[in-house]
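The structure under discussion appears below in the form of structure tokens.
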Amino acid sequence: MKKLTFVAAMLLCAVSPLMAGGIFYNSNQSAEYFRTFARNAATDNADIVYYNMAGTVKMEDGLYVNASNQFFFQKATVETQNNLLLGEKTYTSDNPVFFCPNLYVLYKQSNWSIFTGLETIGATAIREWKDGLPTLDLLSLQSGGSGNSYLKGSSYYFAWRVGGAYQMNDLFSVAWQLQEEL
483 MKKLTFVAAM LLCAVSPLMA GGIFYNSNQS AEYFRTFARN AATDNADIVY YNMAGTVKME
543 DGLYVNASNQ FFFQKATVET QNNLLLGEKT YTSDNPVFFC PNLYVLYKQS NWSIFTGLET
603 IGATAIREWK DGLPTLDLLS LQSGGSGNSY LKGSSYYFAW RVGGAYQMND LFSVAWQLQE
663 EL
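Residues in the sequence shown are numbered from 483 upward in steps of one, following the numbering used here.
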């Protein structure tokens with residue numbers, strides 16, 4: 483009995499690190515998330531492929547598809563203060579993100595389900611710093627330039643998952659998945 487308790491405790495401790503995300507990992511993986519900010523117990527839409535894999539067996543039999551896109555409007559500001567070379571200057575970037583897609587496909591039959599998902603796990607706006615950034619201006623001044631810089635860039639992190647779930651009885655179901663970050 484002690485061995486069983488020890489193994490169960492170790493498995494519970496391993497759950498959190500196994501599902502750990504990074505600093506850029508978005509929790510808003512579907513448009514439905516913004517309606518409630520809680521999808522972990524949902525069993526009503528194919529987006530639970532991300533939030534509640536084992537719960538996919540609680541849905542009605544059939545094929546489910548969820549495709550959504552999100553828009554982000556972010557303003558970024560960097561200020562220099564007490565800088566002997568640049569003075570007091572404010573750098574701004576105000577570019578929206580128009581493309582942040584998520585796609586989930588789920589097939590449920592009897593007491594099992596299979597699913598796949600493609601999600602944007604991290605994204606930044608297409609940042610355009612028309613007046614540059616302090617670091618770039620300082621580098622330019624150090625090399626004898628004018629100190630005026632320009633920067634434009636973006637980043638996206640995608641993940642693809644595939645898996646399945648099985649309902650053992652009315653109370654318990656298990657899920658398994660493979661995930662690859664692209």
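In this text, a Cβ means the ideal position worked out from N, Cα and C, and glycines have one as well. Nothing here was measured: the structure is a model prediction, and the numbers come from that model.
6 Å CB neighbourhood of residue i in its chain, flanking five on each side removed
| i | result |
| --- | --- |
| Tyr648 | Trp594 and Val656 |
| Asp529 | Ser512, Glu514, Asn548 and Tyr586 |
| Lys634 | Glu610 |
| Arg521 | Tyr515 and Tyr533 |
| Gly537 | Thr525 and Ile530 |
DSSP beta-bridge partners of residue i
| i | result |
| --- | --- |
| Ala657 | Ala647 |
| Ser511 | Here residue 511 turns out to be Gln, not Ser, going by the sequence shown. Beta-bridge pairing links Gln511 to no other residue. |
| Val547 | Val587 |
| Thr602 | Phe640 |
| Lys634 | Glu610 |
| Val579 | Phe554 |
Reduced DSSP category for residue i - H, G, I as helix; E, B as strand; rest coil
| i | result |
| --- | --- |
| Ser595 | strand |
| Thr559 | strand |
| Thr617 | helix |
| Phe554 | strand |
| Thr574 | strand |
| Ile505 | Note that Ile505 scores 48 on pLDDT, short of 50, meaning its location in the model is unreliable; the coordinates nonetheless yield the value given after this. In the structure shown, Ile505 sits in coil (DSSP, three-state: anything other than H, G, I, E or B). |
| Ile530 | helix |
| Gly626 | coil |
Whole-Å CB distance - residue i paired with residue j, under 8 Å assumed
| i | j | result |
| --- | --- | --- |
| Phe640 | Thr598 | Going by Cβ atoms, the distance from Phe640 to Thr598 rounds to 13 Å, so no, they are not a contact pair. |
| Val574 | Thr559 | It is worth fixing the name first, because residue 574 is Thr in this sequence and not Val. About 5 Å; that satisfies the 8 Å criterion. |
| Asn631 | Leu618 | Correcting the residue type first, residue 631 is Ser in the shown sequence and not Asn. About 4 Å separates the two Cβ atoms, so the contact holds. |
| Val539 | Leu588 | Wrong, their Cβ atoms sit about 10 Å apart, outside the cutoff. |
| Leu568 | Pro616 | 6 Å |
| Asp652 | Lys590 | At roughly 16 Å, the Cβ-Cβ gap does not stay under 8 Å, so Asp652 and Lys590 are not in contact. |
Cut-off 7 Å between Cβ atoms - residues of its own chain near residue i, not counting five sequence neighbours on either side
| i | result |
| --- | --- |
| Gly645 | Met535, Phe597, Ala657, Trp658, Gln659 and Leu660 |
| Asn577 | Ala607, Ile608, Arg609 and Glu610 |
| Phe553 | Pro578, Val579 and Phe580 |
| Leu500 | For Leu500, the predicted model reports a pLDDT of 48, less than 50, meaning its position is unreliable; a value from the coordinates is still stated below. Excluding positions up to five away in sequence, the list is empty. |
| Val612 | In the sequence on display, residue 612 carries Lys and not Val. Same-chain partners within the cutoff: Tyr632. |
Residues near residue i in its chain [Cβ-Cβ closer than 8 Å; skip 5 each side]
| i | result |
| --- | --- |
| Leu664 | Tyr639, Phe640, Ala641 and Trp642 |
| Glu712 | Any question about residue 712 goes unanswered here, given that the chain covers just 483 to 664. |
| Asp526 | Met541 |
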